[in-house]
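Here the structure comes first, spelled out in structure tokens, and everything after it is commentary.
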Amino acid sequence: MEEAGFLQRHPWLVYVFMLLAGSTGFYQFCMLFLTHTSAPLFSVAVSGFEGLDARRGAGSAPPTFHVILRVKNNDFLPRHCFKEGSAVMELDGVPLARAEVDKFCVPGRTAVDVPFLATGGGLGLPDAVYERVRGGGVPSLVVRVRLDGNAVKTTSDLGRLTPMLVRCTVTLDGLPSADCRRFLMLERV
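Once you know that position 187 of the sequence shown is 187 in the UniProt record's numbering, the rest is easy, because the numbers rise by one and skip nothing.
What follows is the structure, given as structure tokens:
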């Protein structure tokens, strides 16, 4: 009489090994999916503005912009938290207004609107910028936002802090910009 092999005598062991291999692979897939992090998406809209109608020294108020920075997090679980930052509004390379941006967090699978008020330091516009604005149409502004730290948080840890520069081109018609360009700011070692 021929002796049966080990696996033939214990067929349930094959199922245990298959279940163990399958559950390990499924666990690794879930952890990769849940903890995957990608950079958030940014867009900007100017909801209102003042002070673009007078030259410098003409007794008018400084340029003021009501800006909404929209940050969208497509990640499933991690949230992105940003420390305070700063913003600069430019027209043809001339800084018109500055603002401080408060710290904020964007939970997974959501979008957050971060409003801020950018104001100019001087009165009125420089002559060249005034002529450009008066000359035609809705001007395009460049909005540069420096976020001093992007902490990717999966639980309660601080994650990694990466300063980021966001650059958007926006018009003054109230419509949001296309997705903004993001630049990581790395320190030299």
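Where a beta carbon is used, it is the ideal one built from N, C-alpha and C, also for glycine. Model, not experiment: these values are computed from the prediction.
Between valine 71 and proline 40, the CB-CB gap stays under 8 Å. Looking only at Val16, Leu125, Leu175 and Phe29, the smallest Cα-Cα distance to aspartate 92 is reached by Leu125. Ranked by Cα distance from glutamate 90, the first of Thr169, Val142 and Met185 is Val142. Rounded to the nearest whole angstrom, the CA to CA distance from arginine 144 to leucine 175 is 17 Å.
Cα atoms of glycine 5 and proline 11: separation of roughly 10 Å, rounded to the nearest angstrom. Sequence-distant partners of proline 107 (beyond 5 residues in either direction) whose C-beta falls short of 6 Å from its own C-beta, in its chain, are Arg79. Around glutamate 84, the same chain offers Glu100, Val101, Asp102, Lys103 and Asp148 as residues with beta carbons nearer than 8 Å, after the five sequence neighbours per side are excluded. With a contact defined as Cβ atoms closer than 8 Å, alanine 87 and alanine 118 qualify at about 6 Å.
It is roughly 24 Å from the alpha-carbon of valine 44 to the alpha-carbon of glycine 122.
Residues Asn73, Asn74, Asp75 and Phe76 of the same chain have their beta carbon placed closer than 8 Å to that of arginine 109, with the five preceding and five following residues left out of the count.
Contact between leucine 20 and valine 14 fails: their C-beta atoms lie close to 11 Å from each other, not under 8 Å. Nearest in C-alpha terms to proline 115, of all of Asp179, Phe65, Arg132 and Leu52, is Phe65. Taking all protein chains shown into account, methionine 164 has 16 or more neighbouring C-beta atoms within 10 Å of its C-beta and is therefore buried. In this structure, phenylalanine 49 keeps its C-beta atom at 8 Å or more from the C-beta atom of leucine 69.
Following the DSSP letters along the chain, one finds glycine 85 inside the beta strand (DSSP E) bounded by residues 85 to 91.
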